[in-house]
Every structure is written in C-alpha cells, then in structure tokens.
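*Asks:*
Residue numbers (our numbering): 19 to 547.
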C-alpha cells in the first residue's frame, strides 16, 4: 500500500509541474490524462501492484516523464538539441507506456482493448491537429510570399503590355457595362417620361425612336447563391452514362439523334439524376454570397435555370475587374487579389473548334470573341499581340477565366470533347501556387489553397442545371446554384431597375430634368398614365 501512495504522490507532482510547462502543451495534456487515470486506479479501486517488477516499470516510466518535463520547464528555448518533432514523438511514446501499465492492471480483455484503442485514437486526432496547424503556418508563409510576388508580377506585366492591356480593358468596360432593357418598349418609356416630367411631344417622339439603344447599367448584382448538394460520385456517374455511347463520332445524323435520345433516357432513369436537379432547384440552405465564393474557391461552377442571371453575373464581374485594373496601383478588390478577366462563350469556342479540331482553349484566346464581336477596338494593336499579352497573364497566374454556357453544346455533338478540353486547360493553367490541380487529392486542395491570398489563376464556368448534370466536369470544382430571389432582394432589384429606367429616360430626352433619388421611383411609375 505504501508503494501505491508513493506513486500517487509522484503523479500529483508531475501533473502540477506539467501545468506550468509552455512547450508541447497539447501532447503533455495526453500525459496528464493518462496519469489521472492511472492514479484513479490506485486510489479509487485500491488496486495493489503485483510484484516489484510492475512497480519498478511504472517508476521508470514516471522518471522518464519527469526528465522530459524538467527539460521542457528549464530549457524551453533550447531543448539540448532535441527537435520539437522528436520531443512530441517521445511524449506520445511515454503516454503509450502509461496506458500499457493501466491496461496491465485489469484482467478484462475487452477493457484492455478499449483503453489501448482510445489512446491510439486520441494520438491520431492530435497528430492530425498538429499537421493542420503546421500546414496552415506553411500556407500562411506561402501566401505572404505570393502576395508580394503577385504584386511585383502584376506590375511587371502592366509595364510590359501597358498599351495593349489598357486598350483591352477600356473596350471590355464598354462592352460589358450594360444589358438591354428588355420588356419596356419605346412607347411605354415615352408615356412614363411625359407623365413624370411633362416632356413635349417632340421629346416623346425622340425618346421612343431612340429607346432601343438604351440599356441597364451593370453596376450591381442581385444574384443569390447556394451550395450545390450533388456529390462527386453523382456527377462522375452521370458523366459516365454520357461518354459511353458518344465515342463514335462518325455516325449519321439519324444515328446521332437516336444516341442522344438514348443518352437522355439513361440519364433520366438514373436513380440519382432527378434528386440532383431537385436539390439544386429548390433547396434554400447554405446561402453564400459572391464575395465568399471568389475569395475562397479557385475552381468554380455556377449553375442556374434559363434567365436566372448567369451571363449577366459574368459580365458584371469582368466589368468590375476591368474597371479596377484601370486604376493604377490597384492589386486587390473585395474579392481578393486582382486578376485580369478573360470572358469566353463556350458556344463560340465550339463553333470554331469545328473548323480547327485540334484547337486548345489556351490557343483560342487569340481568336475568341464575345457575341460575335472582337474583344479589341484598336487598329493599332493586333489581335496576335493581345493574345500574347493575355497568355502571358495566364502563364504568370494573373487571370480570371470565365467560360459561359457549358450546357450550350448539344449532347450528341461535341460535349465530351469540350469537357476534356476544358479539364485539360484547368489542369495545366489553373493550379494552386504549390502546383495542385482540381484533379488532385481533394484534401490537399482544401489545405493548400486560398486564392484570395495565395494568387494563381482562377476559373468560373457557368451552365444551366439540367444541361450540366447531363455531362458534368470531373475534379474538385466548387458548385453553386443561383437560387430565386427572396423578397428583400426582389424589392432592391425592382427599385434599382426603375431608378435606372428613369435615368435612361432623362438621358434619352436630353432635357434639363432633375432625377429623383434612387428608391423614390418604384414599379408604380409605369402605371401612372
């Protein structure tokens, strides 16, 4: 009984000393837990140590722990040449010895197994925690270096391609500054102008005649996102169903139609397909804004129903980035590090791919247009020079590439080929600064990537919901769905829309009229005549 009291006293002293130690605290907590459990066996159950051999082994373990604690307390800055990693490993081994002593003091086999299993589990959890902390520290160091390096790279690229990129960005801001005011005829606009501003008949005729050229400025976005609930397995399975029958590209048009019909039947009959679509369309959980998406994700897919605002969002974003880049000294926005925007319609890429079957997405940048219009309006700068400049930004990891309308490619035509081209581009040019791609280990993607700080290219791909799930992208893309507006966003959008409508009316009339503040002009204004 004296030996039990003696060991309990040693344990109490060790626990007290460990509480004062600042080194390897998380590892020493495991030691404390095991010491307390061992002491409880002695004091609460009156367990006697059988034989001097067991007594001696426990004392040896406690002595070893005492030496480690002494080293930690007295030499926190210098552990006599021992690395922290070695010290952590030693502490875990000593804890395991304590647990083995505890297990040896019971005759129940299941209890022994539970004691040892819990210890191994606790050590694994701690090892993972330490690993995560280490990775975060390394990532922070990478981010700090990359942030400074990114600024320098962006500065050098601006100097190298100043005139070309400046002209490109100016044209970009003009090309994507507004969208058509659909749903309001010139006659309606003229009537509203007469009701509110008492304009003359001549001004009404002028406004009605010029109304087709009036557009809604893309200065804000009202889109709301939610996380897509479909899993990688579901997306890969739906893709497998698609690619299987599509391998024979030499079939006649009738055969291709039959293949397309069969593909759709197989997709619809898949047990998970409709659940994927329904989850996307109706779930209202996990709302997230565009700032969070752009700051935290490198590989992004945005899904939405027809008319939900996918293309308008893409155009608003590139307009915002282009405007910011034109401001000297700007290296970041609310969405993280600043990247040059490159906007591509997948449908236009598919058309030119028919003429140039071996064309890559990277090489297409020399030829790409937007809605049939060139992306540069400066005769003194060749498209070839612009292509080299944009490709230089991509090679230096300074670009945000937006591919709009992945679903626009017919199932029976080039879908799988386009997807492979996109994936090859992403794997080659859209990596983390540490060289990890969307197709590598997903755990590494989460650990080593924060595009708002670490730099590197970023990609956004838009698609309709059903068309996308019929042939999804592989890899660790973050998927988001545009959900219907809630009442607050609806009111905000309607007020903004009518405010801008009246702005266009006043600018169209060209009269000296004072416009009312935003929020005063609301939807009722169209019903005042």
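Heads up, the beta-carbon is just placed ideally off N, CA and C, and yes, glycines get one too.
For a test of the three-state rule: what should DSSP assign to residue 497, helix, strand or coil?
*Replies:* Note: residue 497 maps to strand in three-state DSSP.
*Asks:* Can you tell which of 447, 423, 527, 526 has its C-alpha closest to the C-alpha of residue 484?
*Replies:* For the residues 447, 423, 527, 526, the minimum Cα distance to residue 484 belongs to 423.
*Asks:* Rounded to a whole number of angstroms, what is the C-alpha to C-alpha distance between residue 412 and residue 360?
*Replies:* Rounded to whole angstroms, residue 412 to residue 360 spans 10 Å at the Cα level.
*Asks:* Mind checking whether residue 482 and residue 324 have CB atoms under 9 Å apart?
*Replies:* Contact: yes.
*Asks:* Measuring CB to CB, does residue 345 end up less than 9 Å from residue 421?
*Replies:* Cβ atoms of residue 345 and residue 421: not closer than 9 Å.
*Asks:* Could you tell me the distance, in whole angstroms, from the CA atom of residue 236 to the CA atom of residue 198?
*Replies:* The alpha-carbon atoms of residue 236 and residue 198 are separated by roughly 10 Å.
*Asks:* Check whether the Cβ atoms of residue 49 and residue 113 lie closer than 9 Å to each other.
*Replies:* Taking 9 Å as the Cβ cut-off, residue 49 and residue 113 qualify as a contacting pair.
*Asks:* Residues in its own chain within less than 8 Å of residue 167 by CB, not counting five upstream and five downstream?
*Replies:* Answer for residue 167: 473, listed in chain order.
*Asks:* Whether or not the segment 390 to 401 and the segment 182 to 197 are in contact is what I'm after, with contact meaning three or more pairs of Cβ atoms, one per stretch, closer than 8 Å; do they touch?
*Replies:* They touch, by the three-pair rule.
*Asks:* Return the residue from the list 72, 365, 109, 102 that minimises the CA-CA distance to residue 121.
*Replies:* Looking at the Cα atoms, 72 is the closest of the given residues.
*Asks:* Can you give the Cα-Cα distance for residue 78 and residue 306, rounded to whole angstroms?
*Replies:* So the two alpha carbons sit approximately 57 Å from each other.
*Asks:* Mind checking whether the beta-carbon of residue 111 lies closer than 8 Å to any heavy atom of the ligand MN?
*Replies:* In the structure on display, the ligand MN does not appear, and there are no ligands present to speak of.
*Asks:* Residues in its own chain within less than 6 Å of residue 322 by CB, not counting five upstream and five downstream?
*Replies:* So the qualifying residues of the chain are 328, 500.
*Asks:* Just how far apart, CA to CA, sit residue 111 and residue 83?
*Replies:* Taking the straight line from one Cα to the other gives about 10 Å.
*Asks:* Among 38, 357, 56, 379, which residue has its Cα nearest to the Cα of residue 29?
*Replies:* The residue with the shortest Cα to Cα distance from residue 29 is 56.
*Asks:* Kindly list the residues whose CB is nearer than 8 Å to the CB of residue 548, restricted to its own chain and excluding five residues on each side of it in sequence; keep chain order.
*Replies:* Lying outside 19 to 547, the shown extent of the chain, residue 548 is not represented and no answer is given.
*Asks:* Taking only runs that begin and end inside the segment 101 to 136, name each unbroken alpha helix (DSSP H) of 4 or more residues, in chain order.
*Replies:* 102 to 122, all fully within the segment 101 to 136.
*Asks:* How about residue 432 and residue 385: are their beta carbons less than 9 Å apart?
*Replies:* No, the pair does not count as a contact, with Cβ atoms beyond the cut-off.
*Asks:* Are residue 382 and residue 362 close, meaning C-beta to C-beta below 9 Å?
*Replies:* Yes, Cβ-Cβ distance for residue 382 and residue 362 is below 9 Å.
*Asks:* What are the start and end residues of each continuous beta strand (DSSP E) run of 3 or more residues lying completely inside the segment 168 to 219, in chain order?
*Replies:* With a minimum length of 3 residues, the continuous beta strand (DSSP E) runs that stay inside the segment 168 to 219 are 196 to 198.
*Asks:* For residue 475, which option in 342, 81, 367, 318 has the closest C-alpha, if you only look at C-alpha atoms?
*Replies:* Comparing Cα-Cα distances from residue 475 to each of 342, 81, 367, 318, the minimum goes to 318.
*Asks:* My understanding is that residue 106 touches residue 42, with C-beta atoms under 8 Å, so please give their C-beta distance in whole angstroms.
*Replies:* Residue 106 to residue 42, Cβ: 6 Å. Contact.
*Asks:* Are the beta-carbon atoms of residue 436 and residue 364 separated by less than 9 Å?
*Replies:* The answer is yes: Cβ separation under 9 Å.
*Asks:* Which residues in the same chain as residue 7 place their Cβ atom closer than 6 Å to its Cβ, once the five residues preceding and following it in sequence are excluded?
*Replies:* Given a span of 19 to 547 for the chain in the structure shown, any question on residue 7 remains unanswerable.
*Asks:* Can you list, in chain order, the residues of its chain whose CB lies under 6 Å from that of residue 470, leaving out five sequence neighbours each side?
*Replies:* Closer than 6 Å at Cβ, skipping near neighbours: 313, 354.
*Asks:* Let me make sure I understand the geometry here. Which of 60, 150, 178 has the alpha-carbon closest to that of residue 124?
*Replies:* Nearest option by C-alpha distance: 60.
*Asks:* In angstroms, rounded to a whole number, what distance separates the CA positions of residue 397 and residue 343?
*Replies:* Whole-angstrom Cα-Cα distance: 22 Å.
*Asks:* Excluding the 5 residues preceding and the 5 following residue 204 in the sequence, name in chain order all residues of the same chain whose CB lies nearer than 6 Å to its CB.
*Replies:* Around residue 204: 226, 229.
*Asks:* Compute the Euclidean distance between the alpha carbons of residue 221 and residue 515, then round it to the nearest angstrom.
*Replies:* Taking the straight line from one Cα to the other gives about 22 Å.
*Asks:* One question on the structure: do residue 448 and residue 477 come within less than 9 Å of each other, judged by their Cβ atoms?
*Replies:* Taking 9 Å as the Cβ cut-off, residue 448 and residue 477 qualify as a contacting pair.
*Asks:* Considering only DSSP beta bridges, list what residue 388 is partnered with.
*Replies:* BP columns for residue 388 point to 391.
*Asks:* Exposed or buried, which one is residue 366 when buried takes at least 16 other CB atoms within 10 Å?
*Replies:* Its Cβ being crowded by 16 or more others within 10 Å, residue 366 is buried.
*Asks:* Can you tell me the Cα-Cα spacing of residue 244 and residue 331, whole angstroms?
*Replies:* Near 15 Å, if we compare the C-alpha coordinates of residue 331 and residue 244.
*Asks:* Determine the closest residue to residue 109 out of 130, 144, 133, 126, with distance taken between C-alpha atoms.
*Replies:* Closest by alpha carbon: 144.
*Asks:* With a threshold of 16 other CB atoms inside 10 Å of the CB of residue 117, please say whether the residue is buried or exposed.
*Replies:* Buried, since its Cβ has 16 or more Cβ neighbours within 10 Å.
*Asks:* Measure the C-alpha to C-alpha separation of residue 308 and residue 185 and round it to an integer number of angstroms.
*Replies:* Cα-Cα distance, rounded: 28 Å.
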